Amino acid sequence: MTLCRGAAMDVYGARILPAKQAREREMTIPRLRFAPSPTGYLHIGGARTALFNWLWARKTGGVFVLRIEDTDTQRNSRESVDAIFTAMRWLGLDWDEGPQDGDDLGGGPHGPYFQSKRLELYRQFADRLIASGHAYRCYATKEEIDAQRMALPEKQRDGFRFVSPWREKTAELDRPHVVRFKTPTTGEVVIDDMVFGAIKTAVSTVQDFILIRENALPLYNFGCVVDDITMGITHVARGRDHIINTTPQILLYQALGEAIPAMAHLPMMMATKSEKLSKRHGAVSVTEYRDQGYLPDGLLSYLVRFGWAHGDDELFRKERLIELFDWSKVSKSDGVYDFKKCRAINQKFLAKMTTDDELRLGVVPFLRARGLAVRDDHPRLADAIRTVRERSETLVAMADALDYYFRAKPEMDEAAAQKFFTAESAVPLQNLSEFAEANVRDRADFEGGFLEEHTRLDALFRAFVAERGLEMKALGQPARVALTGRTASPDLASVMLVLGPAVSALRLREAAERAAASPSATTDGPTTP
RNA sequence: GGUCCCAUCGUCUAGCGGUUAGGACAUCGGCCUCUCACGUCGGUAACACGGGUUCAAUUCCCGUUGGGAUCACCA
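Rendered as structure tokens:
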């Protein structure tokens, strides 16, 4: 059969109208899915795929299904399933149907949602295909297949396609066998892809692929199609590496007489132009980002721009993404993942896209991880965060920047202490201690907000420095080390304001005492001209 | 090698026939400055190449080159 242009026919003579079928389905309700296999952590590439599916479901009022493709018994684990749940929940990608903790079957009307619990279904569909002549039992052994391959000249072995002697037979023997699809010998499959457009492949390039393995478990392409059909999936969006699978899958839909879902293949995330992104390139597991103090929407803001864009926008909250997302803006070319940019996006997200409350709640676990018993309603927490929020790339960094505010004594950078707590700095530090005691107000006594109070104290601080004939440059670092234990921090007025009068004065006084006991700075001698 | 796909600064991208080709990260320099950041101002930096189509191509078509995906009883 040859294909006539303009009126695409499938290999069984039916018109191919996947787009139209998809449109018809869309008039009901879109159903999308994310179908990871539990072989480890949730990869950020998988998260991107899940996100696109989730966005379309949420945008259209559709249904988002989570299905676990656990037919590779060698590599699956229960921990991986939990890891996927954890990561999805942290990202805020909730599913309407799918497994829940401790409930492998429930979660919706199309369950079970673990492929390993749907084996009977695959059996039924396989029988259906055998009965209709679209599939056959193949009793060929591995040895026979290898023999056929080895009989070929070496150059042709690469693209070897097994031709089974059982293809035309219907005998049912009591011997181990697989079920193979009886791939048509002619024709063309057209994928009507929402991202790539029409992708045409000659059916002759597809071999009689296995539907059901000898161990009765389905192989990916078959399980996937049976599930997508029985779960009523209307849109399939997955990585571009699946394009090769889509051709045999479409053949399956056609043989089964089922509507083909709308397809979207997404560009891949690479580590370099020529390497797939993997663990050795850096953080690829979603939970690693959580642990490093990324915000879910911060990470998602970076991931969504991978193959999709809305002009120059870079920071998105989910609600905005749901509004903006559209398949027509998805690009075709692969991209290289940039950890630095990801971090920078998270920093901007932290600085600009989060409320004080979100930050407060978000940073507390990281503070506790540092051994600081800070509760999220700590009276100084909100002000403290205000002083560091624009300088932190992650919540981990933020917790670090917050450390000295909540420690009885700051962890002292000894090298800095020796450098700055000199005999010369003793008196200025003592004076500043007195200044702090007299001028820094307790939070409860602020007349305006933090900003107004800061303006007031900063002015007083500057006046104090000028009156004493001191220089900011000379006093700044000794005072900073005294107050924070480090050489880098927010401005001193901010620090003192958060610390309050008593603590500020105490830390400065103790530093002054230590300075008084130190030898004078051994520089090049008197600096007087 | 077969089949399929892709191609704008180093990177992510905007652009959908006429633009000084824009933004962000990175990078370089200035400013701000009590430190580190933030911020801010500015610089370097791209349409892979060759043919068409068109009054006009980054944009449409073809080819070349380059890159990627995949060729399992993995998913």
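Every number in my numbering is 1 more than the matching position in the first sequence, counting from 1.
Each residue gets a CB set at the ideal place from its N, CA and C atoms; glycine is no exception.
These figures come from a predicted structure and were not determined experimentally.
Minimum Cα-Cα distance from Val466 among the listed residues Leu433, Phe340 and Lys333 corresponds to Leu433.
Annotated three-state conformation of Val190 is strand, per DSSP.
Proximity of the stretch 162-173 to the stretch 192-200 falls short of the contact definition, fewer than three beta-carbon pairs being nearer than 8 Å. Looking only at Arg90, Arg239 and Glu259, the smallest Cα-Cα distance to Gly308 is reached by Arg239. Pairwise C-beta distances place the stretch 287-298 in contact with the stretch 353-367, as three or more of them are shorter than 8 Å. In the structure shown, the three-state DSSP call for Ala518 is coil.
Taking a 10 Å sphere around the C-beta of Ile30, we find fewer than 16 other C-beta atoms and assign the residue as exposed. Restricting attention to Ser332, Leu153, Tyr221 and Gln149, the CA atom closest to the CA of Phe197 is found in Ser332.
Residue pairing of Phe35 in beta bridges, as defined by DSSP: Leu67. Rounded to whole angstroms, Ala424 and Arg481 show a C-alpha spacing of 16 Å.
Residue burial is scored here from C-beta neighbours: Gln419 has fewer than 16 other C-beta atoms within 10 angstroms and is therefore classed as exposed. Along the stretch 235-308, the beta strand (DSSP E) occurs as fully enclosed runs of 3 or more residues at 236-240, 263-267 and 270-273, listed in sequence order.
Judged by beta-carbon spacing, Phe182 lies beyond the 8 Å limit of Leu218, meaning their Cβ atoms are not closer than that value. Spatial neighbours of Asp83 in its own chain (CB-CB distance under 8 Å, excluding positions within 5 residues in sequence) are listed in chain order as Asp102.
Distances from the CA of Pro39 to each of Arg49, Gly134, Gln75 and Asn222 were compared; the closest alpha carbon is that of Gln75. Under the three-state reduction of DSSP, Gln101 is assigned to strand.
For the options Thr72, Lys143 and Ser286, the alpha carbon positioned closest to that of Lys118 is the one of Thr72.
Residue state for Thr202 is assigned as strand, using DSSP reduced to three classes.
A distance below 7 Å between beta-carbons, with the five flanking residues on each side excluded, links Pro380 to the following residues of its chain, in chain order: Arg444.
The C-alpha of Gln149 is placed about 15 Å away from the C-alpha of Arg168. Contact annotation: Leu278 and Ala48 have beta-carbon atoms that are not nearer than 8 Å.
Rounded to the nearest angstrom, the gap between the Cα atoms of Leu316 and Lys349 is 8 Å. Within the same chain, Phe182 and Pro249 come within 6 Å of Phe210 by CB-CB distance, once the 5 residues on both sides are set aside. Assigned with DSSP and collapsed to three states, Arg181 falls in strand.
Relative to Pro37, the option among Asn246, Thr247, Leu56 and Val66 whose CA is nearest is Val66.
Spanning the alpha carbons of Ala416 and Arg487 requires a straight line of approximately 10 Å. Of the residues assessed, Met473 falls on the exposed side of the cut-off, its CB having fewer than 16 other CB atoms within 10 angstroms. Ser302 has its alpha-carbon roughly 14 Å from the corresponding atom of Ala352. Here Val164 is exposed. Its C-beta has fewer than 16 other C-beta atoms within 10 Å.
For Phe326, the secondary structure class from DSSP, reduced to helix, strand or coil, is coil. Under the rule that a run must span 4 or more residues, the alpha helix (DSSP H) segments found entirely inside the stretch 354-423 read 357-370, 382-389, 396-407 and 415-421.
Between the C-alpha atoms of Leu461 and Asp401 there is a straight-line separation of about 29 Å.
In the three-state DSSP reduction, Arg168 falls in the coil class, being neither helix nor strand. DSSP places Ala152 in no beta strand (DSSP E); its state is neither H nor E. Under the Cβ criterion (8 Å, minimum of three pairs), the stretch 54-61 counts as touching the stretch 322-329. If you draw a 10 Å sphere on the C-beta of Phe436, you find 16 or more other C-beta atoms in it, and that means buried.
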